[in-house]
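S.K.:
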Amino acid sequence: MLSRTADHLFWMSRYMERAENTARMLNVSYETSLLPQSAAAVEAGWEGILSISELLPSYLSLYKSINPRDVMAFMVKDVDNPSSIISCLRAARENARAVRGTLTTEVWETQNQTWLEVNRMLKSGEFERDPGQFFEWVKFRSHLSRGVTVGTMLMDESLYFMRMGTFLERADNTARLVDVKFHAMNNDFFGAPQYGAPETESTQEYDFYHWSAILRSVSGFEVYRKVYRDVIRPERVAELLILRPDMPRSLHASLNEVVSNLALVSHDRESDTLRHAGRLRSELAFGRIDEILATGLHAYLTQFLDRVNVLGGRISREFLMPLAA
Amino acid sequence: MRQFDEMYSRLPASGDAGEVRKHYEAYARWLQAQDPQMMASRREEAEMIFRRVGITFAVYGDKDEDGSGTERLIPFDLIPRVIAAKEWKGMEAGLVQRVTALNRFIHDVYHDQEILKAGVIPREQIEHNAQFRPEMVGVDVPNNIYSHISGIDIVRAPDSAGNGEYYVLEDNLRVPSGVSYMLEDRKMMMRLFPELFSQHRVAPVAHYPDLLLETLRASSPATTAEPTVVVLTPGMYNSAYFEHAFLAQQMGVELVEGQDLFVKDKFVYMRTTRGPKRVDVIYRRVDDDFLDPSVFRPTSTLGCAGLMEAYKAGHVAICNAVGTGVADDKSIYPYVPDMIKFYLGEEPILKNVPTYKCRKPDDLQYTLANLKDLVVKEVHGAGGYGMLVGPASTKEEIERFRGALLANPEGYIAQPTLSLSSCPTFVESGIAPRHIDLRPFVLSGRTVQMVPGGLTRVALKEGSLVVNSSQGGGTKDTWILQD
Numbered sequence: 001m002l003s004r005t006a007d008h009l010f011w012m013s014r015y016m017e018r019a020e021n022t023a024r025m026l027n028v029s030y031e032t033s034l035l036p037q038s039a040a041a042v043e044a045g046w047e048g049i050l051s052i053s054e055l056l057p058s059y060l061s062l063y064k065s066i067n068p069r070d071v072m073a074f075m076v077k078d079v080d081n082p083s084s085i086i087s088c089l090r091a092a093r094e095n096a097r098a099v100r101g102t103l104t105t106e107v108w109e110t111q112n113q114t115w116l117e118v119n120r121m122l123k124s125g126e127f128e129r130d131p132g133q134f135f136e137w138v139k140f141r142s143h144l145s146r147g148v149t150v151g152t153m154l155m156d157e158s159l160y161f162m163r164m165g166t167f168l169e170r171a172d173n174t175a176r177l178v179d180v181k182f183h184a185m186n187n188d189f190f191g192a193p194q195y196g197a198p199e200t201e202s203t204q205e206y207d208f209y210h211w212s213a214i215l216r217s218v219s220g221f222e223v224y225r226k227v228y229r230d231v232i233r234p235e236r237v238a239e240l241l242i243l244r245p246d247m248p249r250s251l252h253a254s255l256n257e258v259v260s261n262l263a264l265v266s267h268d269r270e271s272d273t274l275r276h277a278g279r280l281r282s283e284l285a286f287g288r289i290d291e292i293l294a295t296g297l298h299a300y301l302t303q304f305l306d307r308v309n310v311l312g313g314r315i316s317r318e319f320l321m322p323l324a325a
Numbered sequence: 326m327r328q329f330d331e332m333y334s335r336l337p338a339s340g341d342a343g344e345v346r347k348h349y350e351a352y353a354r355w356l357q358a359q360d361p362q363m364m365a366s367r368r369e370e371a372e373m374i375f376r377r378v379g380i381t382f383a384v385y386g387d388k389d390e391d392g393s394g395t396e397r398l399i400p401f402d403l404i405p406r407v408i409a410a411k412e413w414k415g416m417e418a419g420l421v422q423r424v425t426a427l428n429r430f431i432h433d434v435y436h437d438q439e440i441l442k443a444g445v446i447p448r449e450q451i452e453h454n455a456q457f458r459p460e461m462v463g464v465d466v467p468n469n470i471y472s473h474i475s476g477i478d479i480v481r482a483p484d485s486a487g488n489g490e491y492y493v494l495e496d497n498l499r500v501p502s503g504v505s506y507m508l509e510d511r512k513m514m515m516r517l518f519p520e521l522f523s524q525h526r527v528a529p530v531a532h533y534p535d536l537l538l539e540t541l542r543a544s545s546p547a548t549t550a551e552p553t554v555v556v557l558t559p560g561m562y563n564s565a566y567f568e569h570a571f572l573a574q575q576m577g578v579e580l581v582e583g584q585d586l587f588v589k590d591k592f593v594y595m596r597t598t599r600g601p602k603r604v605d606v607i608y609r610r611v612d613d614d615f616l617d618p619s620v621f622r623p624t625s626t627l628g629c630a631g632l633m634e635a636y637k638a639g640h641v642a643i644c645n646a647v648g649t650g651v652a653d654d655k656s657i658y659p660y661v662p663d664m665i666k667f668y669l670g671e672e673p674i675l676k677n678v679p680t681y682k683c684r685k686p687d688d689l690q691y692t693l694a695n696l697k698d699l700v701v702k703e704v705h706g707a708g709g710y711g712m713l714v715g716p717a718s719t720k721e722e723i724e725r726f727r728g729a730l731l732a733n734p735e736g737y738i739a740q741p742t743l744s745l746s747s748c749p750t751f752v753e754s755g756i757a758p759r760h761i762d763l764r765p766f767v768l769s770g771r772t773v774q775m776v777p778g779g780l781t782r783v784a785l786k787e788g789s790l791v792v793n794s795s796q797g798g799g800t801k802d803t804w805i806l807q808d
């Protein structure tokens with residue numbers, strides 16, 4: 001298939017996945033902000049959202065303070081913010097439009113319909129009336145988009161590049177989420193000075209909401225209970241989201257999908273990209289959470305994000321935009 | 326002015342139901358029986374589906390409030406344009422004849438120039454024509470076919486006895502568009518009104534992409550039994566992008582942009598995820614000027630450097646061929662009947678509209694004296710831009726055109742204002758007659774063939790004669806109806 005076509009398919013899925021993850025984060029923050037808590041805690045939560053996407057500086061150039069309404073407006077409907085939901089959905093649809101002939105009718109119409117609908121919802125004020133409902137809608141459009149892809153696309157390269165995009169983006173987004181949320185709790189939560197400080201009842205309670213919010217943002221609350229049958233402990237949350245191969249939004253599960261789809265498009269030829277992806281995946285497969293925490297979670301995730309970024313670049317150079325004739 | 330309506334031999338008026346032509350009778354009865362509410366909701370349904378499917382065209386220069394290019398729907402009218410099968414037979418024969426002669430002409434122009442030597446067409450008309458491509462002189466193309474896909478615009482106007490007479494208004498031999506609307510309009514009609522198709526024997530058109538693929542494969546220069554065909558598009562912001570994507574998908578071939586192609590050792594390749602892949606046939610939807618920056622416009626990023634070399638070496642087919650514009654130019658149009666006689670020794674089946682060539686002093690004088698009654702067209706204009714419709718223009722517009730004409734008479738032709746035939750159409754106030762034309766798509770490969778009918782365009786503004794979608798025109802499904 002055309003390299004440019006593969007590129008559009010890859011990015012179409014990435015943007016759709018990004019829209020979903022942004023909606024997930026915003027939704028959880030929105031729900032959390034309805035709980036009684038200090039103004040400082042509320043602000044810290046919303047600030048976290050902006051730092052996840054590395055958007056704090058551009059947000060502060062537009063708004064004076066960090067408050068739910070402005071952050072949501074910025075992250076949902078600001079067309080000048082390339083990471084806003086509207087920008088992601090537009091980019092997904094534009095990429096789809098560029099290769100609409102390669103997509104099944106159902107996949108294309110799903111993307112196009114999502115784009116038409118989101119514009120309608122934002123113009124009509126539906127989003128402001130019920131942000132929660134809107135975030136759910138975005139999430140379900142993404143579910144639909146993935147489902148219609150798997151359910152209708154021929155199982156060839158087109159599908160493999162789309163899947164690769166989805167899971168590379170998911171690996172990135174989950175890593176960012178874990179990083180920022182753990183970071184918000186404490187300066188490098190694990191191994192940092194505050195670890196082991198006496199817990200008061202109120203911090204315990206706050207912890208519960210904090211960790212359960214992270215879990216819910218990746219649809220992992222029930223999963224956690226099912227897997228660990230235990231109260232919510234930060235190190236287990238980290239383990240679930242980083243290392244568990246059966247948790248669909250974990251780094252490990254995402255990398256598994258990236259590697260298997262890469263293998264499918266690499267055929268028999270030697271692929272440096274595949275080798276790198278495989279190595280990253282092995283570290284997740286054979287890693288242990290106590291080792292990761294001992295080195296420092298933040299340092300670990302920062303390095304992981306760098307490597308995912310490099311992997312994206314390699315996929316691009318090897319398959320999507322080959323420079324050499 | 327005399328009027329000819331496709332559906333009514335006598336238009337309905339207050340207290341008079343009018344008189345319906347024979348081939349429209351069954352449809353008229355059906356329409357009569359429909360609830361206006363239902364028709365209105367069908368219209369909305371059609372619009373909703375077109376939007377969801379994304380059958381849109383981009384309007385040059387227009388911007389949405391959020392800064393992206395506007396995507397507009399081409400209005401679709403629910404009332405079909407019906408042509409009786411035996412009438413179509415004559416038209417089809419005329420189209421085959423005309424397109425055959427045009428292809429012979431283009432070949433001749435780039436080879437022996439017999440028609441110029443015989444004095445049928447003045448030599449300077451060709452050699453001074455901006456659409457004449459010296460690069461093509463002496464270049465042989467497969468089957469000597471240049472215009473593989475021809476969009477021939479046909480209009481109908483009443484003769485002195487009030488009978489409808491078909492005229493060719495324009496030959497489009499470069500990158501004619503609109504065929505996707507012909508196909509989508511039919512699909513929409515069958516979806517909205519399946520019962521109509523069980524009551525009428527409407528000739529199908531859905532096999533067009535098949536014929537197109539057959540035509541393109543037949544033009545392959547390669548010895549390979551399985552030529553690789555691609556559609557070359559300027560990209561998703563082109564106004565006809567939907568059509569490019571649609572045709573590529575329907576034919577099951579790659580839709581490429583210039584950046585996807587490269588030339589090595591005079592062969593054309595596309596960049597794929599598995600490395601370079603050779604391309605044998607390019608159905609290009611990019612104008613000559615943009616095809617190869619090393620030969621034509623050097624700033625173009627829409628084409629591929631080295632393409633012309635590969636083409637001239639016979640390693641790739643370009644459809645339509647480079648240089649077909651020399652035959653569809655409005656200054657050449659008046660000579661097409663002469664071409665038919667010259668190359669085929671036949672009388673033209675389809676009529677030309679009488680045309681005044683403003684480069685001739687007598688014709689210029691006549692044109693200047695009759696501007697308010699004439700249609701004046703720029704020789705190189707297209708898409709309904711750069712033309713004057715005398716009867717529909719203000720004094721100022723006419724005077725402005727007079728100035729332009731005097732400054733550059735060679736740049737214009739003039740024609741009597743034809744009263745284009747009308748067809749009942751849904752408008753704000755209900756159903757009213759609106760002017761229409763017809764663009765059949767003629768395919769020339771090993772044989773000349775076409776699907777029955779074509780794209781009917783309709784001028785939605787009352788009294789307007791301009792049917793172009795860029796000027797607010799709409800489309801209708803076109804039925805070739807067997808008895």
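Those sequence lines, one after another, are chains A and B. So for the first sequence, the numbering used here puts the first residue at 1; every next one is plus one. So for the second sequence, the numbering used here puts the first residue at 326; every next one is plus one. Every residue, glycine too, gets a C-beta built ideally from N, C-alpha and C. Given the structure is predicted, the values throughout are model-derived calculations rather than measurements.
1) Using C-beta distances below 7 Å, list every residue in its chain close to E722/B, excluding the 5 sequence neighbours before and after it, in chain order.
2) Report, in whole angstroms, the separation of the C-beta atoms of L699/B and A739/B, which I expect to be a contact under 8 Å.
3) Looking at chain B, is there any beta carbon in it that lies within less than 7 Å of the beta carbon of G196/A?
4) State the CB to CB distance for the pair I399/B and Y506/B, rounded to an integer number of angstroms; the pair is presumed to be in contact (CB under 8 Å).
5) In chain order, what residues of the same chain have a beta carbon less than 8 Å from the beta carbon of E460/B, not counting five sequence neighbours either side?
6) Can you find a C-beta in chain B that's less than 7 Å from the C-beta of N112/A?
7) If you measure between the beta carbons of L323/B and V556/B, is that distance less than 7 Å?
8) Using three-state DSSP, classify Q807/B as helix, strand or coil.
9) Just list the residues that DSSP pairs C748/B with in beta bridges.
10) Decide if the region 451-458 of chain B is in contact with the region 480-496 of chain B; the criterion is three or more beta carbon pairs, one per stretch, under 8 Å apart.
11) So what does DSSP say about S84/A, is it helix, strand or coil?
12) If contact means a Cβ-Cβ distance below 8 Å, which residues of the region 570-581 of chain B contact chain A?
13) Taking beta-carbon pairs under 8 Å, can you tell me which members of the region 354-383 of chain B lie near chain A?
14) For the beta strand (DSSP E) containing D272/A, list its first residue and its last residue.
15) Assuming F615/B and D402/B are in contact, meaning their beta carbons sit under 8 Å apart, how far apart are those beta carbons, in whole angstroms?
16) Is it true that the CB of E539/B sits closer than 7 Å to the CB of G560/B?
17) Give me the Cα-Cα distance between V500/B and G628/B, rounded to the nearest whole angstrom.
18) To which residues of the same chain is E412/B closer than 7 Å at the C-beta, ignoring the five residues directly before and after it?
19) Can you tell which of T104/A, Q111/A, H210/A, Y30/A has its C-alpha closest to the C-alpha of C88/A?
20) If you follow the beta strand (DSSP E) that R609/B is part of, which residue opens it and which one closes it?
21) Strictly below 8 Å CB to CB, what residues from chain B border L264/A?
22) Anything in chain A within Cβ reach of T597/B, meaning under 7 Å, just list it in chain order.
23) Quick check on R458/B: does DSSP put it in helix, strand or coil?
24) How big is the Cα-Cα spacing for R24/A and V407/B?
25) Is there a Cβ from chain B that is less than 7 Å from the Cβ of D188/A?
26) Quick check on DSSP: helix, strand or coil for G392/B?
27) Using beta carbons (cut-off 7 Å, strictly below), is D585/B in contact with chain A?
28) Residues in the region 544-568 of chain B with C-beta within 7 Å of chain A's C-beta atoms, listed in sequence order?
29) For A6/A, which residues in chain B fall below 8 Å Cβ to Cβ?
30) Take Q309/B as the anchor and find which of S65/A, L35/A, M75/A, L103/A has the nearest alpha-carbon.
31) Can you check which of these residues, L26/A, N309/A, M12/A, is closest to H276/A by C-alpha distance?
32) If you check the beta carbons only, do A175/A and L251/A fall under 7 Å apart?
33) In angstroms, rounded to a whole number, what distance separates the CA positions of D7/A and A40/A?
34) Give me the Cα-Cα distance between I214/A and L50/A, rounded to the nearest whole angstrom.
35) CB of S87/A to nearest heavy atom of the ligand ATP: below 6 Å?
36) Answer yes or no: does any C-beta atom of chain B fall closer than 7 Å to that of E109/A?
M.R.: From the atom records:
1) Cβ within range, chain order: L713.
2) 5 Å
3) At G196/A the pLDDT is 44, less than 50, meaning the model places this residue with poor confidence; the figure from the coordinates comes in the next sentence. Not an interface residue.
4) Contact flag correct, Cβ pair sits at about 6 Å.
5) V620, M633, K637, V647, G648
6) yes
7) Since the first residue of chain B shown is 326 and the last is 808, residue 323/B is not available in this structure.
8) coil
9) R759/B
10) no
11) coil
12) A570, F571, A573, Q574, E579, L580, V581
13) Within the region 354-383 of chain B, contact with chain A at the beta-carbon level (separation under 8 Å) is assigned to R376, R377, V378, G379.
14) Here D272/A belongs to no beta strand (DSSP E); instead the alpha helix (DSSP H) covers 272-286.
15) Between D402/B and F615/B the Cβ distance is about 34 Å, and since that is not below 8 Å, they are no contact.
16) Taking 7 Å as the Cβ cut-off, G560/B and E539/B do not qualify as a contacting pair.
17) Each residue's alpha carbon lies about 15 Å from the other.
18) Cβ within range, chain order: n/a, list empty.
19) Q111/A
20) Where R609/B is concerned, the enclosing beta strand (DSSP E) stretches over 606-609.
21) What L264/A touches in chain B: nothing, since even the nearest Cβ is about 11 Å away.
22) M1, L2, S3
23) Assignment of R458/B by DSSP, reduced to helix, strand and coil, places it in the coil class.
24) 54 Å
25) With a pLDDT of 39 at D188/A, under the threshold of 50, the predicted position of this residue should be treated as unreliable, though the coordinate-derived value follows. No - not a single Cβ of chain B is within 7 Å of the one on D188/A.
26) Low local confidence applies: a pLDDT of 42 at G392/B is under 50, so the model's placement there is unreliable, with the coordinate-based value given in what follows. The answer is coil: DSSP assigns G392/B none of H, G, I, E or B.
27) Output row for D585/B: interface = yes.
28) Near chain A, meaning a CB-to-CB distance below 7 Å, the residues of the region 544-568 of chain B are M561.
29) T598
30) As shown, chain B starts at 326 and ends at 808. That puts residue 309/B outside it, with no answer to give.
31) N309/A
32) yes
33) Roughly 43 Å between the two C-alpha positions.
34) 15 Å
35) Within the structure as shown, the ligand ATP is missing, as the structure has no ligands at all.
36) yes
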